[in-house]
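Chemist: According to the UniProt record's numbering, the residues represented by the sequence shown are 1 to 206, in order. All C-beta atoms, glycine included, are put in the ideal place defined by N, C-alpha and C.
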Amino acid sequence: MCYKGLEILYPVLYCSIWREEITPIHKKGRRDECSNYRCISVTSTMSRVYAKLLRNIVETEYGPQEIEEQAGFRAGRSCIDHIFSLTQLNGKKVARNREAHLLFVDLSKAYDTVPIQKLWQVLENSPINNTAIKAIKQLYHQAFSRIKIGSNISETFYVTKDLRQGCCLSPTLFKIYLNEALKKWRRSCSGMGIELKNDIYCSFCR
1 MCYKGLEILY
11 PVLYCSIWRE
21 EITPIHKKGR
31 RDECSNYRCI
41 SVTSTMSRVY
51 AKLLRNIVET
61 EYGPQEIEEQ
71 AGFRAGRSCI
81 DHIFSLTQLN
91 GKKVARNREA
101 HLLFVDLSKA
111 YDTVPIQKLW
121 QVLENSPINN
131 TAIKAIKQLY
141 HQAFSRIKIG
151 SNISETFYVT
161 KDLRQGCCLS
171 PTLFKIYLNE
181 ALKKWRRSCS
191 GMGIELKNDI
201 YCSFCR
């Protein structure tokens with residue numbers, strides 16, 4: 001989809017349809033604690049189509065920037081790749097009678113932790129076309145939502161932070177933000193990961 005198409009479609013599609021309904025689903029524990037609920041978002045069909053077209057553009061332009069360690073939300077990659085690599089590395093450690101130390105970080109409620117303004121900075125410093133970045137910003141600028149519990153629906157309110165739940169573009173934006181964070185971490189931390197040779201280390205992200 002061309003960039004001109006984005007500029008033409010946006011006023012038509014997002015003048016009113018970028019509104020979602022959020023339904024909280026109880027997972028476990030006390031029902032009076034918000035953290036015990038998972039929110040399911042339902043968006044309109046046209047908004048999902050628009051977000052998918054925009055995601056395809058972003059994936060194409062940013063793809064070459066993705067670091068090798070990143071397997072999450074990438075076509076043709078999965079946890080299996082990391083499992084294989086870890087198995088091989090652990091086997092080499094065992095063969096040399098050396099210990100292997102692993103650290104797993106659980107990013108709880110990951111989408112809620114992404115600061116939108118910093119995400120914009122990351123996108124602006126990336127090879128993604130300005131027209132696509134502008135479309136993403138406008139998409140978030142026009143973000144409205146409602147809470148639905150049973151047959152009761154709340155008043156519409158403006159969403160001002162976090163990546164949108166239920167949007168196919170959110171995993172891509174999260175991946176880009178995390179990818180740049182890992183690049184910065186790599187530059188800042190010497191000796192990060194598992195030492196393979198004199199100055200080669202291995203790290204993983206999923």
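Run the CB neighbour count on T45, radius 10 Å, all protein chains shown included, and call it buried at 16 or more, exposed below.
Modeler: For this step, residue 45 is matched to residue 45 along the sequence shown. So T45 counts as exposed.
Chemist: If you draw a straight line from the C-alpha of E180 to the C-alpha of V49, how long is it?
Modeler: The count along the sequence shown starts at 1 and reaches residue 180 at position 180. The count along the sequence shown starts at 1 and reaches residue 49 at position 49. Roughly 27 Å between the two C-alpha positions.
Chemist: Can you give me the start and stop residues for the beta strand (DSSP E) that Y37 sits inside?
Modeler: As a working mapping, residue 37 is identified with position 37 in the sequence shown. It spans 37 to 42 - the beta strand (DSSP E) in which Y37 sits, taken as one unbroken run.
Chemist: Apart from the five residues just before and just after N175, which ones in its own chain have a Cβ nearer than 8 Å to its Cβ?
Modeler: Numbered from its first residue, the sequence shown carries residue 175 at position 175. The identity of residue 175 in the sequence shown is Lys, whereas the question assumes Asn. Answer for K175: E66, Q70, G72, F73, R74, listed in chain order.
Chemist: Quick check on this structure: which residue in P115, G63, T87 has the alpha carbon closest to the alpha carbon of L102?
Modeler: The residue you call residue 102 lines up with position 102 of the sequence shown. If we check each option's Cα against that of L102, T87 comes out closest.
Chemist: Are there 16 or more other CB atoms within 10 angstroms of the CB of C39, so buried, or fewer, so exposed?
Modeler: As a working mapping, residue 39 is identified with position 39 in the sequence shown. Exposed.
Chemist: Please list the terminal residues of the continuous alpha helix (DSSP H) segment that includes R48.
Modeler: Position 48 of the sequence shown holds residue 48. Segment 45 to 62, the alpha helix (DSSP H) holding R48.
Chemist: So, V114 versus D162, is the Cβ gap smaller than 8 Å?
Modeler: In the sequence shown, counting from the first residue as 1, residue 114 sits at position 114. In the sequence shown, counting from the first residue as 1, residue 162 sits at position 162. Cβ distance < 8 Å, so V114 and D162 count as in contact.
Chemist: Given E21, which residues of its chain have a CB within under 6 Å of its CB, disregarding the five upstream and five downstream residues?
Modeler: Taking the first residue of the sequence shown as 1, we reach residue 21 at position 21. Contacts found: V42, R146, K148.
Chemist: Please list the segments of the alpha helix (DSSP H) lying wholly inside the stretch 106 to 160, counting only runs of 4 or more residues, in order along the chain.
Modeler: Listed in chain order, they are 116 to 124, 130 to 141.
Chemist: Can you give me the Cβ contacts of K93 inside the same chain, cut-off strictly under 7 Å, excluding the 5 residues immediately before and after it?
Modeler: Here residue 93 refers to the residue found at position 93 when the sequence shown is read from its first residue. Cβ neighbours of K93 beyond the five flanking positions: E99, A100.
Chemist: Just mark I57 as buried or exposed, buried being the case when its beta carbon has 16 or more other beta carbons within 10 Å.
Modeler: By 1-based counting over the sequence shown, the position of residue 57 is 57. I57 is buried by the Cβ-count criterion.
Chemist: Could you tell me if L107 is buried or exposed, where buried requires 16 or more neighbouring beta carbons within 10 angstroms of its beta carbon?
Modeler: Numbered from its first residue, the sequence shown carries residue 107 at position 107. Exposed, by the Cβ-count rule.
Chemist: Counting only the same chain and skipping the five closest in sequence on each side, list residues whose C-beta sits under 7 Å from that of residue 218.
Modeler: Given a span of 1 to 206 for the chain in the structure shown, any question on residue 218 remains unanswerable.
Chemist: Does DSSP classify E180 as helix, strand or coil?
Modeler: Numbered from 1 along the sequence shown, position 180 holds the residue referred to as residue 180. In the structure shown, E180 sits in a helix (DSSP, three-state: H, G or I).
Chemist: Excluding the five sequence neighbours on either side, which residues of its own chain have a C-beta within less than 7 Å of the C-beta of D81, listed in chain order?
Modeler: Numbered from its first residue, the sequence shown carries residue 81 at position 81. Answer for D81: A71, listed in chain order.
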